[in-house]
Every structure is written in structure tokens, then in C-alpha cells.
Amino acid sequence: MTNELAILTHGLTKSYGHDEVVRGLDLSIGRNRITAFLGRNGAGKSTTIKMLLGLIRPTAGSGTVLGKQISDAKQNREMRKRVAYVAEDKPLYSYMSVEQTINFARSFYSDWRIDVEKRLLLDSELPADRKVKSLSKGMRTKLALLLAFARRPDLLILDEPSEGLDPVGIEYLLRTLVSSSADGVSIFFSSHQIAEVERVADHICILEKGCLLMDASVDQVRHSYRRIDMVFPTPPSEHDFRIPGVESVKTAGHQMSVFASRNAEEVVERAHSLSAVSVEVAPVGLRDVFLETVREN
Amino acid sequence: MLFKLNATTGQPLYLQLMQQIRHATETGALHDGDQLPGIRTLAEKLVVSPNTIAKAYSELEHEGLLELRQGSGAFVCVKRRIRSLADSVHVARRRIRDLIDRLRDDGLVDEEIRRAFEAELFFTGEIARKR
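Those sequence lines, one after another, are chains A and B. Residues in the first sequence are numbered consecutively from 1, following this note's numbering. Residues in the second sequence are numbered consecutively from 1001, following this note's numbering.
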């Protein structure tokens, strides 16, 4: 059911000349959850987001956001009323003050919540009468975020929202994100910072070189990803561990290390049957999952 | 009530929260009838997705440890079950102490014992979860 989904794409592709930036992306993002869109710099995250919003035209493929076709101008306008978006470069009018910017933005949206605006202005410690041009990078980011968070959209799309923020600013961002989510807003945000993602995200998608490498719930990742370190008197062939779920096998002398996305128990049983003298199973943090997944491809 | 969730371990956050709430009722930090913070409040405080809190609360409701009342939050409901649990924890600790003594007699050092325990717990936990 498309109505149950915030975002749905089929074979979404964007190329510039011979350069395929996004390749056949099939995304399916549920509502009422926080989804993190992870990937290295240049993986195609911003290009994907801009296609979703109808800011650039896909070379091939199709998609819907909140059930509206992204390439249909009329449907796109309807969708944009229900989506708040913070762009990567956080464009703001430099000659306006913080207060003027907020007043200006407020006039455009019928879903603006003055109480939330006031609270966020207070929490963010932004100087109301300072001109945008003399704000620090972190303050600009906070202001851009405030303009999105003060609305009550159905979907909030944030492109690298933590850029330029110090740890206190990031904490403020995440808390505001969580609070928005508690209001029933679906959130889709891109990031290359694992640490900020792993606490708040319900779901992660990993993009690498324009392709979707992983689309999984964070609980599922925590549940099933394991590293199994083993010691053998005579190490067996790495081939013995080529079982479903095993992503990589490494051998160093008598030691072997297996990285598994599932089926860790089978790996352990296999190790025992190959007379391992020591078998240790350890969970893998999201950071290592990301690094391994990107490296293996 | 203070909860600490660790995002870098391999355990889902909702499970960590469930365990901490369960533990709090076992130690007496939470009593029958105590009210837990609302989903939004706790999510903002711990800076985790509201779905994490909702999932933990609803699983604990299934276990009968929490009662969720529409609009007024989550309430602890501890019955007789807890006393017997405290007793069995007591017995378990004595048995573990005996086992550790035996392992030390066998010449294992504490670090080795600890790792063996963790490996077994982890492995059997993994299998139990599968089922």
C-alpha cells in the first residue's frame, strides 16, 4: 500500500553525461519512523533527495512521496505542502535578521506552530536580531532546522542536518528530531555520521556509489550482525565458511575471523565441527557494519 | 528512574530498556503502581526514537510487567512473581559461586572464566532468540 509509505521509488536513476550518480534505486520508506540515509560523501544521497522533492528530474525510474508522483508537477505541489525540507547548503537570505527570517517563513505555511517556534528559538539560543550573514555556520544550520521543525509536516526530509554543529548542537538536533517524531512526523535524514544515527534511527539505508547496499531496521542489524573470532590448530579453508549470511572471512595464522550479517550460530557450529579450540562471538556496532558493508562492495 | 542505553553494543535499544525496567522491579527501585515517563518524555530524555520506547513498553505489557493506560502512561504492575524471582536469583548466585570455585580449582584464571561465561551466554542467548 503506497499510502502506508512515506517514500517509494522504483529504479530511480540519475546520470550526468556518462556518470551514473544514482543507479536503479528501489527505496521503500515507512511512515512514522526515523530513517537514516547513510553513505559516504558523494554516494548520491543529495541527488536522491533532490529527485524525491522534484528539484531535479530523474534520468529513469519513478517514485512517490506520500503517495504523490515525484515527476508530476501538480502532485508535486500537493506533496511539497506536506513535506518540510532542509537542504544541504541551508540557503537563507543573508540580509535578513533571524527574527525576520522566521517571520518571513511563517507567512508561507499553514501548518506553522508558533508555540514550537518560540520554544525552538529559546532552546537554540539564536540571537533574534542578528543578521543571517553574520551567523556562524552552526547557527545558520540551527536556523534552517528551526524553519523546518516549526512546521507540522507529514514528512521531514533533512540533508546532512548536523553539518557545522558542535556536540551540543547535535544533541539539540537529535532531541528536536525525536520530539518531532513523537508528534507523528515521519523523518528521513541523510548523514555520514554514524554516531548520531545509531541512537535515534529506527531504520537505516546505506547508499554507496549510487546503489542501495542495505535497507534494514536498526534493531535487526543489532540482532543479527556478528563477528566470530576463532582459533584453529590447523586453520581450515576460508571456503568452509562460505555459508549464507557470511559477508567476509579473514585468516591470520591460526586465527580466523568471520563477519556475518546473520546465521552466526551456524558459523559457530561449523567452527566446532572443524575442531576450533576457541570460538568467540561478538556483536558488531553500526559503525563497523557500515565500514564492512562499504568495503565489501 | 534513570536509564542508560548504549547504542554501540550489539543489543537493540528496546531490549536494553526492557531489561533495565525489569531489573528495577526486581531490585525494588520500581514498585507496584509506579508510573513510568510517557513515551515522548522518555524518548526526548534518552534521545532515542519514540518507537524504541513504545516497543519496550508494549513488550513489557505483554509480559504483564507494565500496564498501559490510554493517555495516562505506563504503570508498573509487580505481583507475587517477583518475590519468587528474587529467591531464584539468590539460589542462582550460590550455584554460580560454587561453579566458579571449582573452575578456579581446575586452574582457570578469572579472566578465562569470565570469557567462557560470556561466550556461552551469548551463544545460548543467540539460539534462544532464534526460537
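Ideal placement from N, C-alpha and C gives every residue a C-beta, glycine not left out.
Give the DSSP-derived three-state secondary structure of residue i in the structure shown.
i         : result
A/PRO283  : strand
A/THR13   : strand
A/PHE37   : strand
A/ILE7    : strand
A/THR2    : Unreliable placement is indicated for A/THR2, whose pLDDT of 45 sits below 50; the coordinate value is still reported in the next sentence. Looking at A/THR2 - three-state DSSP - the assignment turns out to be helix.
A/HIS192  : coil
A/THR234  : coil
A/THR59   : coil
B/GLN1011 : coil
B/ALA1116 : helix
B/LEU1108 : coil
A/ALA144  : helix
A/ILE243  : coil
A/ILE70   : coil
A/GLU20   : strand
A/GLY30   : strand
A/LYS131  : strand
B/ARG1097 : helix
A/ASP111  : coil
A/SER278  : strand
A/ARG227  : strand
A/ARG262  : coil
Return the CA-CA distance between residue i and residue j, expressed in angstroms with no decimal places.
i         : j         : result
A/GLU4    : A/LEU156  : 16 Å
A/LEU25   : A/ARG152  : 28 Å
B/LEU1060 : B/LYS1045 : 20 Å
A/ASP240  : A/VAL258  : 11 Å
B/PHE1003 : B/THR1025 : 13 Å
A/ILE228  : B/PHE1075 : 40 Å
B/ALA1007 : A/LEU147  : 29 Å
B/GLY1073 : B/MET1001 : 15 Å
A/THR48   : A/PRO58   : 9 Å
A/VAL218  : A/PRO235  : 34 Å
B/ASP1105 : B/ILE1113 : 12 Å
A/ILE194  : A/GLY285  : 10 Å
B/SER1058 : B/GLN1019 : 13 Å
A/SER179  : A/ILE56   : 31 Å
A/THR9    : A/MET79   : 15 Å
A/LYS74   : B/LYS1079 : 59 Å
A/SER278  : B/GLU1120 : 12 Å
A/GLU299  : A/PHE108  : This structure cannot settle anything about residue 299 of chain A, because the visible part of chain A is limited to 1 through 297.
A/THR2    : A/LEU66   : Low confidence applies to A/THR2: its pLDDT is 45, below 50, so where it sits in the model is not reliable enough to give any reading.
B/GLN1011 : A/SER97   : 46 Å
A/PRO233  : A/ALA271  : 12 Å
A/LEU122  : B/PHE1122 : 46 Å
B/GLU951  : B/ARG1097 : Residue 951 of chain B is absent from the structure shown; chain B starts at 1001 and stops at 1131.
Using a Cβ cut-off of 8 Å, pull out every chain A residue sitting near residue i, in sequence order please.
i         : result
B/VAL1048 : VAL178, ARG199, VAL200
Return the bridge partner residues of residue i from the DSSP annotation.
i         : result
A/ALA43   : DSSP output for A/ALA43 lists no bridge partner at all.
A/TYR95   : Answer is none; A/TYR95 lacks a bridge partner.
A/THR251  : A/MET256
B/ALA1074 : B/LEU1036, B/LEU1068
A/ALA216  : A/ILE204
A/LEU25   : A/LEU12
A/ASP166  : According to DSSP, which records beta bridges pairwise, A/ASP166 is partnered with nothing at all.
A/TYR85   : A/ILE157
A/VAL65   : A/ILE7, A/LYS68
A/ILE187  : A/ILE34, A/LEU156
A/ARG151  : A/TRP112
Please list the partners that residue i has in chain A, where partner means a Cβ-to-Cβ separation under 7 Å.
i         : result
B/THR1003 : The residue you asked about is not Thr; residue 1003 of chain B is Phe in the sequence shown. Within chain A, no residue comes near B/PHE1003; the closest Cβ sits about 13 Å away, beyond 7 Å.
B/PHE1117 : Under the 7 Å cutoff, chain A gives no residues; its nearest Cβ is about 12 Å from B/PHE1117.
B/PHE1122 : VAL281
B/ALA1007 : GLU198, ARG199
For residue i, which residues in chain B fall below 7 Å Cβ to Cβ?
i        : result
A/ALA182 : ILE1039, ARG1040, ALA1043, PRO1050
A/VAL268 : PHE1123
Using a Cβ cut-off of 9 Å, pull out every chain A residue sitting near residue i, in sequence order please.
i         : result
B/GLN1011 : ARG222, HIS223, PRO283
B/TYR950  : With chain B represented from 1001 up to 1131, any question about residue 950 of chain B goes unanswered, as that position is not in the structure.
Using 8 Å for Cβ pairs, my map puts residue i next to residue j. What's the rounded Cβ distance?
i         : j         : result
A/ASP129  : A/GLU99   : 6 Å
A/LEU92   : A/ALA144  : 6 Å
A/ASP159  : A/SER46   : 6 Å
A/GLY138  : A/GLY169  : 5 Å
B/ILE1039 : B/ALA1029 : At roughly 20 Å, the Cβ-Cβ gap does not stay under 8 Å, so B/ILE1039 and B/ALA1029 are not in contact.
A/SER181  : B/PRO1050 : 5 Å
A/ALA276  : A/VAL231  : 6 Å
B/ASP1110 : B/CYS1077 : With a Cβ gap of about 39 Å, B/ASP1110 and B/CYS1077 do not count as contacting.
A/ASP154  : A/ARG82   : 4 Å
A/LEU52   : A/GLY63   : 6 Å
A/ARG298  : B/VAL1048 : Only positions 1 to 297 of chain A appear in the structure, and residue 298 of chain A is not among them; the question remains open.
Identify the contact partners of residue i in chain B, using a Cβ-Cβ distance below 8 Å as the criterion.
i        : result
A/ILE34  : SER1049, ASN1051
A/ARG175 : GLU1044, VAL1047
A/GLU171 : VAL1047
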